[in-house]
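For the sequence shown, position 16 (counting from the first letter as 1) is numbered 16 according to the UniProt record's numbering, and the numbering increases by one without interruption. The beta-carbon is built from N, C-alpha and C at its ideal position, and this holds for glycine as well. Have a look at the structure below before the remarks.
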Amino acid sequence: MKQLRDRVQQLAQANQAQIVAIRRHLHENPELSFQEFNTAKFIAKTLREFGFEVQEGIANTGLVVVIKGKNPSKRTIALRGDIDALPIQEENTVSYKSKVEGVMHACGHDVHTSSLIGTALILHSLQAEFEGTVKLIFQPAEEKAPGGAINMIKEGVLQNPAPAIILGQHVCPIIPIGKVGFTKGTVMASADEIYITVKGKGGHAASPHAAVDPILIASHIIVALQQIVSRNTDPLKPCVLSICQIKAGEATNVIPEIVNLSGTIRTVSEEWRKEAHKKITHLCQSIAEGMGGTCEVNIGQGYPPTYNHPVMTERTFEAACNYMGHDNVHYMDMNMGGEDFAYYAQQIPGCFYMIGIQNIDKGINSFVHTPTFDVDEKVLEIAPGLMAWLALHELAVSED
Numbered sequence: 001m002k003q004l005r006d007r008v009q010q011l012a013q014a015n016q017a018q019i020v021a022i023r024r025h026l027h028e029n030p031e032l033s034f035q036e037f038n039t040a041k042f043i044a045k046t047l048r049e050f051g052f053e054v055q056e057g058i059a060n061t062g063l064v065v066v067i068k069g070k071n072p073s074k075r076t077i078a079l080r081g082d083i084d085a086l087p088i089q090e091e092n093t094v095s096y097k098s099k100v101e102g103v104m105h106a107c108g109h110d111v112h113t114s115s116l117i118g119t120a121l122i123l124h125s126l127q128a129e130f131e132g133t134v135k136l137i138f139q140p141a142e143e144k145a146p147g148g149a150i151n152m153i154k155e156g157v158l159q160n161p162a163p164a165i166i167l168g169q170h171v172c173p174i175i176p177i178g179k180v181g182f183t184k185g186t187v188m189a190s191a192d193e194i195y196i197t198v199k200g201k202g203g204h205a206a207s208p209h210a211a212v213d214p215i216l217i218a219s220h221i222i223v224a225l226q227q228i229v230s231r232n233t234d235p236l237k238p239c240v241l242s243i244c245q246i247k248a249g250e251a252t253n254v255i256p257e258i259v260n261l262s263g264t265i266r267t268v269s270e271e272w273r274k275e276a277h278k279k280i281t282h283l284c285q286s287i288a289e290g291m292g293g294t295c296e297v298n299i300g301q302g303y304p305p306t307y308n309h310p311v312m313t314e315r316t317f318e319a320a321c322n323y324m325g326h327d328n329v330h331y332m333d334m335n336m337g338g339e340d341f342a343y344y345a346q347q348i349p350g351c352f353y354m355i356g357i358q359n360i361d362k363g364i365n366s367f368v369h370t371p372t373f374d375v376d377e378k379v380l381e382i383a384p385g386l387m388a389w390l391a392l393h394e395l396a397v398s399e400d
């Protein structure tokens with residue numbers, strides 16, 4: 001296996017420049033969730049130029065490439081990368097800065113996509129060296145519920161051939177370049193959206209007694225909602241509730257009729273997730289009614305918790321150590337972000353791992369979903385090679 005590992009590393013290094021160019025094109029031309037039409041065309045064109053057959057139009061803009069080894073029917077595994085961007089105005093001054101006003105690859109999906117293309121190139125070069133089949137999934141709309149994963153699954157992406165397991169990766173700005181992190185069990189939280197409409201009675205600000213102030217009601221609701229976490233949640237099961245938007249009023253001297261609040265709740269327990277939704281609704285409506293107003297609560301169910309199969313994660317951890325060295329691979333705590341990779345992992349064993357992109361010396365340490373997010377492009381050698389190696393390792397696993 002050492003000889004094969006060395007070949008993977010050599011191919012990853014040799015391919016880096018063209019993978020960087022692909023990533024930069026994607027970064028300059030981002031598209032939002034469910035709108036990745038040009039992105040999908042570019043991915044398909046690029047893959048066909050490299051000699052791959054591409055299945056397009058899965059869940060509108062999703063793509064699949066299948067790479068067959070010596071004995072294609074032996075074992076099939078899936079590799080997933082996401083392709084969409086975020087509604088963020090980029091503030092970096094790099095040559096490959098986004099050309100699209102208000103849209104940016106601020107979560108590294110340009111890296112995930114280009115890296116997966118790099119993995120495809122490596123595996124294509126090594127087809128004579130492995131048995132089984134690899135299915136590469138280029139998935140749209142990870143950033144916006146209901147997400148692209150669930151729609152691709154409905155359209156049969158996990159069939160014909162059916163993979164035994166699935167691997168996914170995500171760039172991580174708190175991990176230095178050259179290192180990678182794994183988590184056994186729950187790796188990311190569920191992610192649900194909260195929408196609250198508080199209704200009162202408008203009036204003149206100088207005569208609050210003649211009105212029912214929805215801003216005051218909303219303020220009490222925002223504060224009270226924190227007790228859902230601090231006094232109702234099992235402290236051994238993480239939960240986050242954040243109200244992130246408040247919209248109300250048009251003037252300094254007018255009490256408005258309506259206040260709109262929105263936010264998110266993140267949990268790691270499906271049982272508590274359902275209970276928390278009920279408690280949020282009851283609390284908001286009770287406070288509003290007690291203060292003379294009314295309240296409508298709508299909780300949009302997002303992605304479930306992302307779960308890493310423990311045995312599979314142990315295997316991939318050891319394989320990563322073999323590829324990168326034990327000092328560069330570590331176990332890490334779960335985080336409260338959400339990922340629609342969770343839907344794949346509900347269907348088949350999955351492992352979703354974090355790959356480092358931070359380089360403080362180069363000033364690359366901004367968090368995901370920020371206007372200054374960027375990556376150390378050394379990752380475009382490391383990530384394709386590591387995923388190819390993990391794929392080869394999983395293909396060799398006995399299913400007896």
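Checklist entry - How close, in whole Å, do the beta carbons of I19 and V171 come, if the pair is a contact with beta carbons under 8 Å? => result Contact flag wrong, Cβ pair sits at about 14 Å.
Checklist entry - Do you know offhand how far G132's Cα is from M336's? => result Distance from the CA atom of G132 to the CA atom of M336, rounded to whole angstroms, is 35 Å.
Next on the checklist: Pop quiz: I166 and I348 are said to be a contact at Cβ under 8 Å. What is the actual Cβ separation, rounded to whole angstroms?
Outcome noted: Confirmed, Cβ separation roughly 6 Å.
Item to check | Where K45 falls: helix, strand or coil (DSSP) | outcome: Helix, per DSSP.
Next on the checklist: If distances are taken between C-alpha atoms only, which option among E90, S33, G102, T183 comes closest to K144?
Outcome noted: Distance from the Cα of K144 is smallest, within the candidate group E90, S33, G102, T183, for S33.
Next on the checklist: According to DSSP, simplified to helix, strand and coil, what is N328?
Outcome noted: If DSSP states are grouped into helix, strand and coil, N328 belongs with the helices.
Checklist entry - Would you call the region 376-395 and the region 5-18 in contact, with 3 or more CB pairs under 8 Å? => result Enough Cβ pairs lie closer than 8 Å, so yes.
Checklist entry - What span of residues does the alpha helix (DSSP H) with Q285 cover, start to end? => result Taken as a continuous stretch (DSSP letters only), the alpha helix (DSSP H) holding Q285 covers 270-290.
Item to check | Assumed close pair N359, I177 - CB separation to whole angstroms, cut-off 8 Å | outcome: Right, their Cβ atoms sit about 5 Å apart.
Checklist entry - Which full runs of the beta strand (DSSP E) of 3+ residues lie inside the region 42-102, going along the chain? => result For secondary structure counted as the beta strand (DSSP E) over 3 or more consecutive residues, the region 42-102 holds these complete runs in sequence order: 55-58, 62-68, 76-82.
Checklist entry - Between the C-alpha atoms of F50 and S230, what's the straight-line distance to the nearest angstrom? => result Going by the C-alpha atoms only, they are around 54 Å apart.
Checklist entry - Of the residues A345, L386, G338, which one's Cα is nearest the Cα of I192? => result The question names Ile, but residue 192 is Asp in the sequence shown. Comparing alpha-carbon positions, the option among A345, L386, G338 lying closest to D192 turns out to be G338.
Item to check | Simplified DSSP state of G249, which is helix, strand or coil | outcome: It is coil, neither helix nor strand.
Checklist entry - G263 and S286 look like a contact to me (Cβ under 8 Å); what is the Cβ gap, rounded to whole Å? => result Their Cβ separation, rounded to whole angstroms, is 18 Å, which puts G263 and S286 out of contact at 8 Å.
Checklist entry - Roughly how many angstroms separate the alpha carbons of Q218 and Q227, rounded to a whole number? => result It is worth fixing the name first, because residue 218 is Ala in this sequence and not Gln. Whole-angstrom Cα-Cα distance: 15 Å.
Next on the checklist: I'd like to check one pair, V100 with K135: are the Cβ atoms closer than 9 Å?
Outcome noted: Not a contact, by the Cβ cut-off of 9 Å.
Checklist entry - How many whole angstroms separate the CB atoms of Y331 and F182, which I take to be in contact at a CB cut-off of 8 Å? => result Taking C-beta atoms under 8 Å as the contact rule, Y331 and F182 qualify, at a distance of about 6 Å.
Item to check | Status (buried if at least 16 other CB within 10 Å, exposed otherwise) for H105 | outcome: So H105 ends up on the buried side.
Checklist entry - What are the partner residues of T267, as DSSP defines its beta bridges? => result According to DSSP, residue pairing for T267 in a beta bridge involves C239.
Checklist entry - For M324, which of I355, Y343, H309 has the nearest alpha-carbon? => result Comparing Cα positions, the closest option is I355.
Checklist entry - Who are the Cβ neighbours of A44 in its own chain at under 8 Å, not counting the five residues just before and after it? => result Hits under 8 Å: V54, E56, L63.
Item to check | M152, enclosing alpha helix (DSSP H) - first and last residue | outcome: Counting along the chain, M152 sits inside the alpha helix (DSSP H) bounded by residues 148-154.
Item to check | Between the CA atoms of W272 and M1 - distance to the nearest angstrom | outcome: Between the alpha carbons of M1 and W272 lies a distance of about 45 Å.
Checklist entry - Thinking just about the alpha-carbon of each residue, which of E28, I265, A162 is nearest to the one in E90? => result It is E28 whose Cα lies nearest to the Cα of E90.
Next on the checklist: Going by C-alpha to C-alpha distance, which of C107, I22, M152, E257 sits closest to N60?
Outcome noted: The candidate whose alpha carbon is nearest that of N60 is M152.
Item to check | Sufficient close CB pairs (3 or more, under 8 Å) joining the region 303-317 to the region 243-254 | outcome: With a cut-off of 8 Å, the region 243-254 and the region 303-317 do not count as touching, because too few Cβ pairs lie within range.
Item to check | Cβ neighbours of K362 in the same chain (closer than 7 Å, five flanking residues each side left out) | outcome: Answer for K362: D376, listed in chain order.
Item to check | Residues that DSSP places opposite E296 in a beta bridge | outcome: For E296, the beta-bridge partners assigned by DSSP are T197.
Checklist entry - What is the DSSP secondary structure of V171, counted as helix, strand or coil? => result The three-state reading of DSSP puts V171 in strand, counting E and B together.
Checklist entry - Cα-Cα, which of L225, K274, F138, E36 is closest to T119? => result Here the closest residue by C-alpha is F138.
Checklist entry - Three-state secondary structure (DSSP) at H204? => result H204 carries a strand assignment under DSSP once its states are collapsed to helix, strand and coil.
Checklist entry - Going straight from the alpha carbon of E314 to that of M334, what length do you get? => result Distance between E314 and M334, taken at the CA atoms: about 15 Å.
Checklist entry - How about R80 and Y353: do their beta carbons lie closer than 9 Å? => result By the CB criterion at 9 Å, R80 and Y353 fall outside the cutoff.
Item to check | Same chain, Cβ closer than 6 Å to L392, five either side skipped, listed in chain order | outcome: Correct list, in chain order: F130.
Item to check | Reduced DSSP category for V259 - H, G, I as helix; E, B as strand; rest coil | outcome: It is a strand residue.
Next on the checklist: Please list the terminal residues of the continuous beta strand (DSSP E) segment that includes residue 402.
Outcome noted: With the chain covering 1 to 400 only, the question about residue 402 has no answer from this structure.
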